[in-house]
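For the sequence shown, position 164 (counting from the first letter as 1) is numbered 151 according to the numbering used here, and the numbering increases by one without interruption.
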Amino acid sequence: MATKMNFQRTLMLGGLAAIGAAGQDAVAADRDNLVLIVADDCGWYDIGCFGAKNNRTPNIDAIAANGIKFNNAFNSVSTSVPTRHCLYTGMYPIHNGGHYNLSAIADGVKTMPVRLSELGYRVGLAGKWHIQPKEAFPFEKVPGFPVNCLSKDPKHTMDGIEEFISRDDSQPFCLVVASTCPHVPWTGGDPSKYDPDSLVLPPHFADTPELRKNYTKYLAEIDVLDQEVGDVIEALEERGLMDNTLVVFVSEQGAQLTGGKWTNWSAGVKSAMVARWDGHIAPGAETDAIVQYEDILPTFMEIAGGKPGKTDMDGRSIVKLLEGDKDSHRKYAFHLHNNYPSGPVYPIRAVSDGRFRLIWNMTPDKRMVAKNMENEPWLKEWRASDDPDVRRIVDRWYTRPEFELYDTAADPWEMDNIADKPRHRKTREKLLKELKKWMKQQHDSGIAADNEHNKPYNKKAREYIDKL
-12 MATKMNFQRT
-2 LMLGGLAAIG
8 AAGQDAVAAD
18 RDNLVLIVAD
28 DCGWYDIGCF
38 GAKNNRTPNI
48 DAIAANGIKF
58 NNAFNSVSTS
68 VPTRHCLYTG
78 MYPIHNGGHY
88 NLSAIADGVK
98 TMPVRLSELG
108 YRVGLAGKWH
118 IQPKEAFPFE
128 KVPGFPVNCL
138 SKDPKHTMDG
148 IEEFISRDDS
158 QPFCLVVAST
168 CPHVPWTGGD
178 PSKYDPDSLV
188 LPPHFADTPE
198 LRKNYTKYLA
208 EIDVLDQEVG
218 DVIEALEERG
228 LMDNTLVVFV
238 SEQGAQLTGG
248 KWTNWSAGVK
258 SAMVARWDGH
268 IAPGAETDAI
278 VQYEDILPTF
288 MEIAGGKPGK
298 TDMDGRSIVK
308 LLEGDKDSHR
318 KYAFHLHNNY
328 PSGPVYPIRA
338 VSDGRFRLIW
348 NMTPDKRMVA
358 KNMENEPWLK
368 EWRASDDPDV
378 RRIVDRWYTR
388 PEFELYDTAA
398 DPWEMDNIAD
408 KPRHRKTREK
418 LLKELKKWMK
428 QQHDSGIAAD
438 NEHNKPYNKK
448 AREYIDKL
């Protein structure tokens, strides 16, 4: 799929090093624009082109139809703050320092607005921030989208985005559109369009009336999300910018329903990632290559004419994957969950090779509690039920074995734990070895990282790492 446009781009990238810093702004003027659209607590399986059973997302699906759909895209941690830290640093959670919710990245970590500004880009963010410390993320604030994910009014306006993308033809831009949909409290959209009794529920949900009622509200906010995506694309098209703009959409992490957010199950860490880049990505393309959110910033940097760091970043550019020059990327995807401040210590680590997912629950004697959900009416209804099917889902959420292994090809919802089956022993051992190797490389102290919050380099942590 190497096109004439790609060849010209290669020549320009090669010439950047010779031009040097003094001519960087002139070169930047010829670089493509970059747009990243981020959902908020959205299950990948509720996006149309990824198999949604109850709703439609025509605008998100259109990005895939005109670009590429990623079947194995993952975040590293299924809570909002660390997910965004990874997106905006190109670094795994422990590496950037902001690995638990409501945390802050470490001093000296370079972020998306810093790196792309150095390459001559205007870098703006519309919508949700949820990143710390704010001085490390010098995005231009683009007005019009709700900033507070707990807002009961998720309505948006496009004036700020339209001004930002139209302001200066001589300078390329990077724009992050961070929606607050479909984060709770699920007050946007029209839930009445969904009949609770007709919904097709994922098997990791307990089928109760309260859950069905809440699911209609959640789906209604996905309608709002899809409209936001459509409005952004329309604004780009009206200004003739789609010919030189890469648009990436990611669904962030799973929904705030059991089995999604705060987990390392696929429903929590898998992403409905799609991208459109006219003239570079073949329309209707699809890939099974493993990619992670950490790969997005290095990709943006390469398009911007920079060289992503190999030691200070964990992500790797997927430009060749986008352009069809490669069909693979990573061998494994890695994930973690530190439960602070969402509840008692409950560290989880996981690894996937694209088919098998190994989950290591490091304190299996403890009870998993996500305090943000404990008082939800649907979860109270679940806990009060005597129905064995409901009890099975409740028990699966609160109490977990040390190891879980799933064949996601045969069991995409990860309901059949095969970790203790003899015929899968070698797969379990291989994946656990890779997971421990990654943890050691990341200076990830496991249990101590959850106990000590953002201080993984203490003596206890070092002793733990050395034993891996």
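Here a beta-carbon is modelled for each residue, glycine too, at the ideal position from N, C-alpha and C. Remember, predicted model here, so these are calculated numbers, not experimental data.
For Phe57, the beta-bridge partners assigned by DSSP are Met260 and Thr274. The Cβ-Cβ distance between Ile24 and Val256 does not fall below 8 Å. In the DSSP assignment, Cys161 is bridged to Leu21 and Val110. Beta-bridge pairing by DSSP links Arg199 to no other residue.
Nearest to Ala269 by alpha-carbon distance, out of Leu103, Gly227, Ile50 and Pro45, is Ile50. Distance from the CA atom of Gly114 to the CA atom of Val164, rounded to whole angstroms, is 6 Å. In the three-state DSSP reduction, His324 falls in the strand class (E or B).
No residue range can be given for Ala396, since it is assigned to no alpha helix (DSSP H) and is classified by DSSP as neither H nor E. Close CB contacts of His322 within its chain, under the 6 Å cut and outside five residues either way in sequence, are with Ser63, Asn251, Val256 and Ala337 (chain order). In the structure shown, the three-state DSSP call for Ile209 is helix.
Tyr181 counts as buried, since at least 16 other C-beta atoms from the protein chains shown sit within 10 angstroms of its C-beta. Two segments are said to touch when three or more pairs of C-beta atoms, one from each, lie closer than 8 Å; by this definition the stretch 230 to 241 touches the stretch 19 to 36.
Cβ-Cβ separation between Met145 and Glu281: approximately 30 Å, too far for a contact (criterion under 8 Å).
Nearest to Arg415 by C-alpha distance, out of Ser238, Gln119 and Asp394, is Asp394. Ranking Val101, Ile405 and Ala26 by CA distance to the CA of Val68 puts Ala26 first. Note that the stretch 76 to 94 touches the stretch 117 to 128; at least 3 beta-carbon pairs, one per stretch, sit closer than 8 Å. With respect to Gly54, Arg263 sits close: the two C-beta atoms are nearer than 8 Å.
For Trp347, there is no enclosing alpha helix (DSSP H); the residue is found in the beta strand (DSSP E) stretching over Phe343 to Asn348. Collapsing the DSSP output to three states places Lys307 in a helix.
The closest CA to that of Val187, considering only Glu401, Trp365, Lys40 and Gln240, is found on Lys40. Assignment of Val219 by DSSP, reduced to helix, strand and coil, places it in the helix class. The stretch 340 to 353 makes contact with the stretch 389 to 404, as at least three CB pairs between them are under 8 Å. Leaving aside the five residues that flank Leu309 on each side, the residues in its chain whose CB is nearer than 7 Å to its CB run, in chain order, Ile55, Ala262, Trp264, His267 and Ile268. Residue pairing by DSSP places Gln279 opposite Phe61 in a beta bridge. Here the alpha carbon of Gly246 sits roughly 43 Å from the alpha carbon of Gln158. For Phe151, the enclosing alpha helix (DSSP H) begins and ends at Asp146 to Ser153. Of Phe126, Glu105 and Thr195, the smallest CA-CA separation from Val377 is found for Thr195. In this structure, DSSP gives Val338 an extended state, which the three-state scheme calls strand. The beta-bridge partner set that DSSP reports for Glu401 is empty.
Taking 8 Å as the upper bound for CB-CB distance, Thr274 and Asp314 are in contact here, some 7 Å apart.
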